[in-house]
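Numbering (our numbering), first residue to last: 23 to 444.
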């Protein structure tokens, strides 16, 4: 799923203060009325299957409530604080760390017995996905759709100008420069540069770095991190287009449609965004693995199906969650939401591995499945939103030339470590 505006980490921390260890009733029997909150909006893959689920499970009734992404972020945080959270919710994986650290998510390891639909959890996800679902050795969410980065590029422009598809960082920089140099007019055919933690982490992880060390202290401001941010800044200088908040749409669709953006790093949800927003560009786009640094890597995010600790109908909620994780239901994540289903069984279904006409007959879902195998989640710390903001601010300062990369990250690291000590 896409990323909306942030709720301030401090505000979220206040809302969750004192909730660590709070609980609700036990799992109980799989029956009763469950309340489900969903942030997918009109493209939801969840609402259309409720009637089928209720027919198969007549003792369970689903009360469905839909919210947009930003409203959900605010409303869910408030509900957790007031102990009025639903029985099941779609939560962005970048939110999970705060709720898991606050003790406000049900222990799915205990609730599931280590199985989803009768099969071991470990056999249904990649290693990176399993790591993203755990907090302190326990599953606290079930990944429903996933986000890991690959490289989107305009195959027609690359072919016309004889630009080689980049496979490593050196080739990446050369491709960005040649794209800009062969543009029909200034400002066209650029690589999109987004000033956020997500894209910085792409290069940090590919360089073998990490955001926090095992003790929870900042680890992103060392030589690997500085090198990663310097490279990202150099991509901008070589021929990128800075895509800040003033552009309005982080997907870059305005720039994609008017020709400013011809290459970008992003997740599988952008496949649906392209098809809906730029149908006239069918056949012109391709997706390949992100150019590799020292190693391959990406942040791993997406949407998790989570059960709040206060739910009085955990067993019924888990039954519905399992239903949503069946391969045939997971395919709706791609069909309706344009996102990538998280289970490997769904990702390997013929409907997703078949050639995609929009992408010139390629099979982009296979690229994202491969990306997920080396992707890793952001650290599970209670004040992650504040950590994210500090890093994003540092990345922004470096990209805009307000600070050198080492100073920008050093300042961010001191802020992050101050959060830990405070």
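Beta carbons are placed, not taken as given, at the ideal position from N, Cα and C, and that holds for glycine.
If you scan the segment 259-308 from start to end, which runs of the alpha helix (DSSP H) of 4 or more residues do you find wholly inside it? 275-280, 291-299
Expressed to the nearest angstrom, what Euclidean distance is found between the alpha-carbon atoms of residue 448 and residue 193? As displayed, the chain neither begins before 23 nor continues past 444, which places residue 448 out of reach and without an answer.
Helix, strand or coil for residue 146? Go by DSSP, reduced to three states. coil
Based on DSSP bridge pairs, tell me the residues matched to residue 310. 173
According to DSSP, residue 405 sits in a beta bridge with which residue or residues? In the DSSP output, where bridge partners are listed per residue, residue 405 has none listed.
Hey, residue 171 and residue 285 are a contact pair by Cβ (cut 8 Å); roughly how many whole angstroms apart? About 13 Å; that fails the 8 Å criterion.
Taking the alpha helix (DSSP H) that residue 130 belongs to, which residues open and close that run? 130-134
With DSSP run on the structure shown, which of helix, strand or coil describes residue 166? strand
Applying the criterion that 16 or more other CB atoms from any shown protein chain within 10 Å of the CB defines a buried residue, is residue 408 buried or exposed? buried
Helix, strand or coil for residue 156 per DSSP? strand
Here's the rule I'm using: 16 or more other beta-carbon atoms within 10 Å means buried, otherwise exposed. How should residue 228 be labelled? buried
Near residue 273, which residues of its chain fall below 6 Å by C-beta distance, leaving aside the five closest residues on each side in sequence? 295
Distance, residue 95 Cα to residue 425 Cα: 32 Å
Under 8 Å, with one C-beta from each stretch per pair, do the segment 66-77 and the segment 342-362 reach the 3-pair mark? yes
Which residue spans inside the segment 302-372 form an unbroken beta strand (DSSP E) run of at least 3? 307-310, 323-328
Have a look at residue 73 and residue 389 and give me their C-alpha separation to the nearest angstrom. 34 Å
Smallest Cα separation from residue 90: which of 416, 268, 112, 187? 112
Coil, strand or helix - residue 246 by DSSP: helix
In the DSSP output, what is residue 54 paired with across the bridge? 82
The segment 182-189 / the segment 356-373 touching (three or more Cβ pairs under 8 Å): no
What would DSSP say about residue 141, mapped onto helix, strand or coil? strand
Beta-carbon gap between residue 211 and residue 202 smaller than 8 Å: yes
DSSP three-state assignment for residue 207, whether helix, strand or coil: coil
Spatial distance of residue 277 from residue 317 (CA atoms): 30 Å
Residue 304 beta carbon less than 8 Å from that of residue 379: yes
Sub-8 Å separation of residue 323 and residue 116 beta-carbons: yes
Taking only the alpha-carbon atoms, compute the straight-line gap between residue 123 and residue 281 and give it to the nearest angstrom. 43 Å
Distance between residue 133 and residue 337 (C-alpha atoms, nearest Å): 7 Å
Report the three-state DSSP secondary structure of residue 389 (helix, strand or coil). helix
Of the residues 145, 283, 216, the one placed nearest residue 268, counting alpha carbons only: 216
Give me the Cα-Cα distance between residue 43 and residue 99, rounded to the nearest whole angstrom. Confidence at residue 43 is low in this model, with a pLDDT of 40, below 50, so the placement of that residue should be treated as unreliable; the coordinate-derived value is given next. Answer to the nearest angstrom: the Cα atoms are 16 Å apart.
Please identify the residue among 398, 386, 441 whose C-alpha is closest to the C-alpha of residue 413. 441
Expected contact under 8 Å - CB spacing of residue 310 and residue 261 to nearest Å: Rounded, the Cβ-Cβ distance is 19 Å, inconsistent with contact.
Thinking C-alpha only, which one of 403, 103, 290 is nearest residue 439? 403
In terms of residue numbering, what span does the alpha helix (DSSP H) encompassing residue 102 cover? 91-104
Measuring only the C-alpha atoms, how far is residue 431 from residue 254? 13 Å
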